[in-house]
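Peer 1: For the sequence shown, the UniProt record's numbering assigns the number 1 to the initial residue and increments by one for each residue that follows. Ideal placement from N, C-alpha and C gives every residue a C-beta, glycine not left out.
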Amino acid sequence: MVVAEIFLGAFVKALVSVLTSQELLSFARREKIDALLTKWSTMLDQIDAVLADAEEKQTRTDQRGIQQWLEDLEDLAYDLDDMLDEFSTEALRQQVLKKESRGSTSKVRALIPTCCTRFDPSTLVSDFRMRSKMDEMTKRLKDLLDRRTGLHLQIVDAGHYEGLIQKPTGHKQMEDLGCEYFRELLSRSFFQPSSSGEFSLFVMHDLINNLAQFVAGRTCLRLEENPENNEDDKNITKARHSSYMRGYLHGIKRFEAFQKAKNVRSFLPFRLGDRGTNYYQTSFLTSDVPLHLLPGLKRLRVLSLRRYGICELPGSIGDLKLVRFLDLSFALIATLPESISTLYNLQTLILSYCKNLNKLPTTTSNLINLRHLDVTGADSLQEMPPKIGELTCLQTLSNFIVNQDEGSTINELKNLIHLKGTLCISGLENVADVFDASRAILKDKQGLDVLLIKWSNASDNSRNGSVELNLLDMLRPHINVKELTIIGYHGLTFPTWLGNSLFCNMVSLKFQNCENCISLPPLGQLPSLENLHIQGMKAVENIGLEFYGLGCSNPFPTLQILTLEDMPEWQDWSHFGVEERAQAFIRLSELSIKRCPKLLGKLPENLTHVRKLEIEECPLLVFAWAPSPTELNQVRNTLQFVALISLSLTHVSIPDSGNPKVGNEAMLENARYSYLSSLISFTVKNIQGLRCLPGWFLQGLTGLQQLFIRGCQELTSLWKNEVRRRHRLPALRRLEIKECPQLISFCEEDENEENEEGLQQHEELHYLMMLEHLKITSCEKLKNLPLWLHNLKYLQDLIIIYCPCLIFFPKEGLPSTLTTLDILNCGALRSLPELTMLNSLETLKVRGCPSLTYLSCSKTGLPPTLKSLWLHNCGNLESILAEDGMKINCPSLELVWITSCESLKSLPDLMQNNYNGGCLRNLSQLWIKDCDNLESIPEGWFTAINLKELEIYGCKKLKGPPYLVYNNLTSLQQLSVDNCASATGLVSCILNNAQFTNLTALGIFNVDMGNKPRSEWGFHRLSSLRALKLERYGGASFPPEEKDGMMQWLPPFLTTLRIYEFPNLEKLHCKDFQNLPCLRGLEIWKCPKLTTITGLGQLPSLSKLSIGDCPNVESFSAEDQAFRLPPSLLHLWILHCPLLSERCSKKKKGQYWPLISHIPQVHIDGRLQDTMPQPFN
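#1: Pop quiz: GLY875 and PRO850 are said to be a contact at Cβ under 8 angstroms. What is the actual Cβ separation, rounded to whole angstroms?
#2: So, does the stretch 129-149 touch the stretch 60-77, judging by three or more C-beta pairs under 8 angstroms?
#3: Using C-beta distances below 6 angstroms, list every residue in its chain close to MET537, excluding the 5 sequence neighbours before and after it, in chain order.
#4: Quick one: measure Cβ to Cβ for LYS887 and PRO908, integer angstroms, because I've assumed they're closer than 8 angstroms.
#5: If we call anything under 7 angstroms between Cβ atoms a contact, is ASN968 one with THR997?
#6: Looking only at its chain, what residues have a beta carbon closer than 8 angstroms to the beta carbon of ASN946, apart from the 5 residues adjacent to it on each side?
#7: Where does PRO193 fall in DSSP's three states?
#8: For TYR794, does the three-state DSSP call read helix, strand or coil?
#9: Which of the three DSSP states is assigned to GLU1083 in this structure?
#10: Sort PRO1051, GLN1098, TRP1049, ARG1167 by Cα distance to LYS1071 and report the nearest one.
#11: Output the boundary residues of the beta strand (DSSP E) element that contains ALA1001.
#12: Determine the direct distance from the alpha carbon of LEU844 to that of CYS901, and round the result to whole angstroms.
#13: Pull up the distance between the alpha-carbon of LEU855 and that of THR683, whole angstroms please.
#14: If you reduce the DSSP assignment to three classes, tell me which class TYR344 lands in.
#15: In the DSSP output, which residue or residues are listed as bridge partners for GLN705?
#16: Alpha carbon to alpha carbon, what distance is there between GLN699 and residue 1193?
#17: Looking at GLN1169: is its Cβ nearer than 7 angstroms to the Cβ of PHE284?
#18: Just reading off the beta strand (DSSP E) that residue 1217 is part of, what are its end residues?
#19: Under a Cβ-count criterion, where at least 16 other Cβ atoms within 10 Å of its own Cβ denotes burial, should ILE1164 be classed as buried or exposed?
#20: Give the C-beta separation of THR853 and LEU829 to the nearest angstrom, bearing in mind that I take them to be a contact with Cβ-Cβ under 8 angstroms.
#21: Please name the residue, chosen from MET769, ASP1008, LEU391, SER266, that lies closest to THR984 on a Cα-to-Cα basis.
#22: Between which two residues does the beta strand (DSSP E) harbouring ASN470 extend?
#23: With CYS179 as the anchor, note down where its alpha helix (DSSP H) starts and where it stops.
#24: Count the other CB atoms, across all protein chains shown, that sit within 10 Å of the CB of SER194; report buried if there are 16 or more and exposed otherwise.
#25: Could you say which of GLY861, ASP822, LYS98 lies nearest to VAL846 if we only look at CA atoms?
#26: What is the rounded straight-line gap between the Cα of SER122 and the Cα of THR364?
#27: How is PRO604 classed by DSSP in three states: helix, strand or coil?
#28: Curious, which full-length beta strand (DSSP E) runs of at least 3 residues does the stretch 838-913 contain?
#29: Identify whether LEU326 lies in helix, strand or coil by the three-state DSSP scheme.
#30: Quick one, which of LEU326, THR608, GLU23, ASN358 has its alpha-carbon nearest THR348's?
#31: Can you check which of these residues, LYS685, PRO1088, PHE1073, CYS1078, is closest to LEU1096 by C-alpha distance?
#32: Can you tell me whether LYS1149 is buried or exposed? The criterion is at least 16 other CB atoms within 10 Å of its CB, across all chains shown.
#33: Since ASN542 sits in a beta bridge, which residues does DSSP pair it with?
#34: Just mark LEU550 as buried or exposed, buried being the case when its beta carbon has 16 or more other beta carbons within 10 Å.
#35: Identify whether HIS292 lies in helix, strand or coil by the three-state DSSP scheme.
#36: Based on the DSSP output, what are the partners of GLN974 in its beta bridges?
Here is the structure:
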């Protein structure tokens, strides 16, 4: 038997099991249909008996009759399952109503929608429609039995697939069984971990995927992006499951197939990479889907609207009675409709990261089958619904909020005995009776792995520390808990269970803002603790023996990460009383101490496994890493971390190299020590009083690869000469210096007096010889760069940002290995180094250097290796090369970007080079903007045969080359020009030349096209053009009222049309665009006289419409009653159009709102509109 029929056989057996279940039979007896269900069960047993024979004969012979019989059986099985689900749902509804009727009040019952209470318990079965369906089901079963005889099917023992789907036994839940099945399939390579690296994401191998599609057959519908590619009508009507890839915007056309797929049980959008918490990945869905499409899919079991920016959910969601799984994560809803509480079959409700959600339905307790309720990240949620403790099937309850007034108290957790996974209990300041916490019985909930216990952070005089101590004591979790977080606790001490070694599974422990605690619990006794985070304990003054645990011989045996932050009173980390032989923190790899301003003394010793150390804003801590004179032993921490690879020191104390107690003799004596030889990355930040790096600072850093110096306000030089000569940082590859405003030079020396002998000495040093990246930022007084830069034979990147006093580069130049030179906002810089000596340079960026008048003075111009040249805001730059007549040869040049260089008069001419396409053969992008005095671009620049993007804008004096030169630009894909003198010839050449077949985007801004009517401009010849932008043209109407119309004027396959700054435009006639069947985007901006836009409904493919800065636009039609937007529209953007905005506003009940509410994304004046219609009063 093949896989497909194994599942069909199991399906049939499951139906028989349901038909004979006690729950359904009890309902059937009440409804007097028990005899019918027994008959169905018998008929199914007879069909099941011959199922194996049917499959065997189908595989051996060409038995199309048997194949049809099997397909009909599959359809019947699904339909019968749907009907039985309706019976079960009615039974659940009766159960809920019965429960409510026993209540002492009718408050909750009054909230149940009248649609669920207006008929008696026999309504469903006595309904004529249901009776007809039951009679039809009997006929279909009889037909299958009769056809069985005609197909000569015999009874075959099919016990080999018995038990394929088992019922959970003992304490095992069906989720546990599902996990076991998945692990079994994973072990057999049905699934495999995703190569994307995303956590818990698995994929199918192609072969397994093909098998799965074969097994699923016609029951699964995979919705294609293009509706025309979806399956034929017959398969769609038979589909039971559906899925599709979620995009950014989805209109109703995307879901046309569902008009026929009324039997689907799943509505599942997928998108790879959306498992994080990033709200920018939100998609938008037309309101037609929740309003009109979904209510018609009555057989849905699984409904996911994950990451759709839905602002409201209609009450009709309650009509989907069979739904088991509902995912609304990342929705923008503030509340859920009460009707959602009538989804009695619902087992999973996911509301994670619904950031606006502030309330759950009052009747949530009616969801008696709910097993998983996830509100993780729904931070606006203020309370739990009443009687949530009645949801006794709950296994997942991510958050429980203790109500301030009436509602759920903490003892509601008592009956939720199946809770597991993660639970956050917040609002504990609202607990009125401490003994309620004991009734929560957390210590018996052994399935909880992660527990967060949270009080409000707000200080309140009514808070009682002793009460909170008792409360926390009663919230003791089961010893199986793995992660525990306590937030906002105001007790003075902690209960004795915290730190108890019985919690042998605890791997993570976090304390946040426990402001009144004066001591820490004995956490060193936790045998499995790996991560300890302590933040905001403002009253702790000393960490001592109590922290390690009295008599503990091996404190913190497994701790790997220790973080201590925001402890303003902490003064001492004492080890007194800890046994001498005790080995604490033997596995600690990361230690972080931040914002502890009173901490002084020594840190724990022998932290031999620490690999990452961060100390921040601890100004009384003194650090060194070379042994020092005995008189300093009490005031410094001598770092001896032999495994340390990352060190960050921010606002701590470092002994000054000028201190007489740390002299040269001491440094020479201790030169043999290498305590930090393993260090790779070192950050020094905001060290007060540091004028230069001390002599011992570089000692032993033989493996250092990255050095970051930031925010040292008094630093004047990095080091003295003798220090530099002694400690050469042989492995350093990256050096970054930032925000050191007093830094004058790298070394304490007068470089102006360097003699030839000194220069020779510099060249012989092996100082920083491996440096690859040097970045200097915001060093306002830096005047000179080191003379020895040219010796750095591995330097690749030199970046200098905001050094306003830097005037020159060293006369010795820069190393020839440099590939990137980036200079930004160096106002005094007068010249660059000799560029042609940089024969590896690929990127040159010079921006914000107003004193610079030229780039290169070399006769050979620019380096031939140069790939990109960026020039911006260099107001006095007159030319690229210093002398007239100098030429360049840049065969590697790919990009030239020149903007806001007002004094630039011309670009350099090119050397004669006819080899393999010329000296600009690789140039693909040329952008020149706002260069007011640019007069010419040499002809050679227009011979760049691979030029793909050309933009010339704001160069009013620019004159063009001979007309024929433009014929070389046949590779152009994007062109944007304004009304400079050269633009007319360039545009005319392109519009009248059939060889520009690669051009896809064109923007022309007030280019003078003579007196030709627009129909003769030649746009229609550009068959490849997809995007067209027109700016600053006259005319009261658009298209222009010309006899030839638009057919001959615009390109036939245009997808985007942008109309900008038409000062006289009054009317826009979109009906004349109907010969543009591919037009998807239309933008209209800055048309002050525009009043009317007509014919939008005649654009069949329009998906995006933007209208901005058109203050007089007030209508979409000359006659409002004729207004219609195309159903393809997905995005409507209206900005600074007050009249139109008011008509389109939902809040103001504008007359256009009902006509645009179906659009997935509507922005009006920068605000996203909720596209659900206003509820009826």
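Peer 2: Reading off the structure:
#1: Contact holds; Cβ gap of about 5 angstroms.
#2: Cβ pair count under 8 angstroms is three or more, so yes.
#3: Annotation for MET537: CYS514, CYS517, MET567 place their beta carbon closer than 6 angstroms to its own, counting only its chain and skipping 5 residues before and after.
#4: About 6 angstroms separates the two Cβ atoms, so the contact holds.
#5: Cβ distance not < 7 angstroms, so ASN968 and THR997 don't count as in contact.
#6: Hits under 8 angstroms: GLY917, ARG921, ASN922, LEU923, SER924, SER971.
#7: Note: PRO193 maps to strand in three-state DSSP.
#8: Coil.
#9: Correct three-state label for GLU1083: strand.
#10: When each option's Cα is compared against that of LYS1071, the closest is GLN1098.
#11: Run containing ALA1001: 1001-1005, per the beta strand (DSSP E) assignment.
#12: When only Cα atoms are considered, CYS901 and LEU844 end up about 16 angstroms apart.
#13: So the alpha carbons of these two residues sit roughly 35 angstroms apart.
#14: DSSP places TYR344 in coil when its eight states are reduced to three.
#15: BP columns for GLN705 are empty, so no partner.
#16: What the structure shows of the chain is the stretch from 1 to 1177, and residue 1193 is not part of that stretch, so it cannot be assessed.
#17: No Cβ-Cβ contact shorter than 7 angstroms links GLN1169 with PHE284.
#18: Outside the displayed range of the chain (1 to 1177) lies residue 1217, so it cannot be described from this structure.
#19: ILE1164 sits buried, since 16 or more C-beta atoms from the chains shown fall within 10 Å of its C-beta.
#20: At roughly 11 angstroms, the Cβ-Cβ gap does not stay under 8 angstroms, so THR853 and LEU829 are not in contact.
#21: Selected option, being the one with the closest Cα: ASP1008.
#22: Looking at the DSSP string, ASN470 is not in any beta strand (DSSP E); the run it does join, the alpha helix (DSSP H), is 465-474.
#23: 174-187 is the extent of the alpha helix (DSSP H) around CYS179.
#24: By the neighbour-count rule (16 or more Cβ atoms within 10 Å), SER194 is not buried but exposed.
#25: Cα-wise, what sits closest to VAL846 is ASP822.
#26: Only weak support is given to the placement of SER122: the predicted model assigns it a pLDDT of 47, under 50, and the value that follows is read from those uncertain coordinates. Cα to Cα, SER122 sits roughly 25 angstroms from THR364.
#27: In this structure, PRO604 counts as coil in the three-state DSSP scheme.
#28: Counting whole runs of 3 or more residues, the stretch 838-913 contains the beta strand (DSSP E) stretches 843-847, 868-872, 895-899.
#29: In the structure shown, LEU326 sits in a strand (DSSP, three-state: E or B).
#30: Among LEU326, THR608, GLU23, ASN358, the Cα nearest to that of THR348 is on LEU326.
#31: Nearest of LYS685, PRO1088, PHE1073, CYS1078 to LEU1096, Cα basis: PHE1073.
#32: Per the 10 Å Cβ criterion, exposed.
#33: For ASN542, the pairing in a beta bridge is given by DSSP as ASP572.
#34: Of the other Cβ atoms in all chains shown, fewer than 16 fall within 10 Å of the Cβ of LEU550; this residue is therefore exposed.
#35: Helix at HIS292.
#36: Listed as beta-bridge partners of GLN974 by DSSP are GLU949, ALA1001.
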